[in-house]
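Colleague:
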Amino acid sequence: MALDFQWTAHVAQMLAKSFGLAREEVEVTGHLLDGLTPSEISAATDNSEHSVRTQIQLVLAKTGAPGPIE
């Protein structure tokens, strides 16, 4: 289920600045908000699924967000 959220460059910049997210972490966050799975994000970003999952964990740790429900 995807959130009804408008992703903008301003939102990306705000996340990066507020939480110290790297460019790749912001990109992964945007894909998650679009409802993509880690394997789909991996294909879209040409990164390994392991790297994508690591980036997700880093985003969760930096933002203090709860883990994903699977």
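If you read the sequence shown in the UniProt record's numbering, its first letter stands for residue 1, the second for the next number, and so on. We put the CB at the ideal spot given by N, CA and C, even for glycine.
1) Please report the distance separating the alpha-carbon of A22 from that of A9.
2) How many angstroms separate the CA atom of Q6 from the CA atom of A12?
3) Going straight from the alpha carbon of V52 to that of D4, what length do you get?
4) When you compare only the Cα positions, how much space is there between E49 and P38?
5) Only counting the same chain, and skipping five residues up and downstream in sequence, which positions put a Cβ closer than 8 Å to that of G67?
Modeller: Let's see:
1) 14 Å
2) 11 Å
3) 23 Å
4) Between the alpha carbons of E49 and P38 lies a gap of roughly 6 Å.
5) So the qualifying residues of the chain are L60.
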